[in-house]
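First the structure, in the form of structure tokens, and then the observations on it.
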Amino acid sequence: MTKRAFTFPGQGSQAVGMGKDLADTYQQARNVFAEVDDALGQKLSKLMFEGPDETLRLTENAQPALMAVSVAVTRVLESRDFALRDRAAYVAGHSLGEYSALAAAGAFSLADAARLLKTRGQAMQQAVPVGEGAMAAILGLDLETVEMICAEAAAGEVCGLANDNAPGQVVISGNLAAVNRAIDLLKAAGAKRALPLPVSAPFHCALMQPAAEAMRAALDKVVVHTPVVPVVANVLAAPISDPVEIRRRLVEQVTGRVRWTECVNWLTGAGGVTQLVELGAGKVLSGLAKRIAPDVPAVSVATSADVDAFLASIAA
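In our numbering, the protein residues as written are 567 to 882.
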């Protein structure tokens, strides 16, 4: 019997037009987008469907928008007799995707998830003045080497691992000068690529502490229910269900490393998962899954055609 985990994408998966096909096809998707628009007091769905891209890419817009698409896909599947509580053993999300996972699993109301992610995006943006922080993608070196070089490059500033996305694919984050020093050292150590990322702030590092405090305050004001299935937390790479711990780990996540390789390894190892199903925009997590756990099938469901194909595949 297939044991599934539903995974939910993070920032970088957004694209103008995402969710429009779902909204055109399913009332359930239209309801999700309308509820998010109402919760935020802005026409986020119009921005998602029509752009402009540079406005959609702003952290405070991209984060709730990606969550909205993921929850819309979940609701559409549930309307087709594919309920998350019955069909998934676990949920997990990459960075902001953890909020999508929790909303899909009933830990947050949709409106609360949207408002939390708006706050999170604004707080992360404001935590570090523009131009003082940076992130870079590093390809082709093992985790330990990158960690060691980041510690050397820090030289009293902040520089560390932000995302462990897949074997040989990590992201570093910190002060601009320290990240630039690390890029040079990592290239000298044999990195295939060490590329600055076009991001507006240095996410998932100690410089985000002001944003972590903002999220602590915001999370204290919302009701967190026990999710219908456990969520594999980014900062633990292990499943949790307790609402108090969910709050705590989401605060830690703002400054902590996204341990995605370990999350997928836990799901497909100790968790016994035999299929990974990515719900939401893009195919980033399905691509990473093929590198982390190549023997476990990974599919992405983002459009009405994807919904039909996925449901047909499991009925076959």
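All residues carry an ideal CB built from backbone N, CA and C; glycine is no exception.
Bear in mind that the values here come from a model prediction, so they are computed numbers and not experimental data.
Contact under 8 Å by Cβ, residue i with residue j
| i | j | result |
| --- | --- | --- |
| Val873 | Pro575 | no |
| Ala717 | Ile749 | no |
| Gly672 | His791 | yes |
| Val795 | Arg651 | yes |
| Glu620 | Gln688 | no |
| Ala757 | Ile704 | yes |
| Val602 | Leu676 | yes |
| Ala732 | Arg857 | yes |
| Glu698 | Asn741 | yes |
| Val737 | Leu763 | yes |
| Ser715 | Ala755 | Residue identity differs from the one stated: residue 715 is Ile in this sequence, not Ser. In contact: Ile715 and Ala755 (Cβ atoms closer than 8 Å). |
| Phe648 | Leu877 | yes |
| Ala780 | Arg747 | no |
| Ser739 | Cys771 | yes |
Supposed contact pair residue j and residue i - C-beta distance, whole angstroms, cut 8 Å
| i | j | result |
| --- | --- | --- |
| Ala868 | Ser852 | Not a contact, Cβ separation roughly 10 Å. |
| Gln580 | Arg623 | 7 Å |
| Met690 | Ala767 | 5 Å |
| Ile773 | Ala760 | The displayed chain sequence assigns Leu, not Ile, to residue 773. Rounded, the Cβ-Cβ distance is 20 Å, inconsistent with contact. |
| Arg570 | Gln629 | Not a contact, Cβ separation roughly 25 Å. |
| Gln594 | Val642 | 5 Å |
| Val862 | Thr834 | 5 Å |
| Ala654 | Phe572 | 5 Å |
| Glu713 | Ala744 | That belief does not hold up - the Cβ atoms of Glu713 and Ala744 are roughly 14 Å apart, past 8 Å. |
| Gly583 | Phe615 | 6 Å |
| Ser666 | Tyr592 | Their Cβ separation, rounded to whole angstroms, is 18 Å, which puts Ser666 and Tyr592 out of contact at 8 Å. |
| Ala855 | Val830 | 6 Å |
| Trp832 | Ala804 | 6 Å |
According to DSSP, residues forming a beta bridge with residue i
| i | result |
| --- | --- |
| Ser666 | Answer is none; Ser666 lacks a bridge partner. |
| Met701 | Ser739 |
| Glu844 | Thr573 and Ser866 |
| Asp619 | According to DSSP, which records beta bridges pairwise, Asp619 is partnered with nothing at all. |
| Ala732 | Gln735 |
| Tyr656 | Ala571 |
| Gly726 | Ser739 |
| Ile557 | Residue 557 is absent from the structure shown; the chain starts at 567 and stops at 882. |
| Leu761 | Ala703 |
Whether or not the stretch 651-666 and the stretch 697-714 are in contact is what I'm after, with contact meaning three or more pairs of Cβ atoms, one per stretch, closer than 8 Å; do they touch?
No: fewer than three Cβ pairs fall under 8 Å.
Any contact of the stretch 628-646 with the stretch 587-597, i.e. 3+ C-beta pairs under 8 Å?
yes
Examine the Cβ distances between the stretch 836-843 and the stretch 667-683 and report whether three or more of them are shorter than 8 Å.
no
Cβ pair count under 8 Å reaching 3, the stretch 812-830 against the stretch 790-799:
yes
Three CB pairs or more closer than 8 Å across the stretch 819-833 and the stretch 711-730:
yes
Note down, one range per segment and in chain order, each alpha helix (DSSP H) of at least 4 residues found wholly within the stretch 808-861.
809-821, 826-834 and 850-858
As an exercise, report each continuous alpha helix (DSSP H) stretch of at least 4 residues that is fully enclosed by the stretch 761-785, in chain order.
none
Taking only runs of the alpha helix (DSSP H) that begin and end inside the stretch 580-646, which ones reach a length of at least 4 residues, in chain order?
586-591, 593-606, 610-616, 619-622 and 625-645
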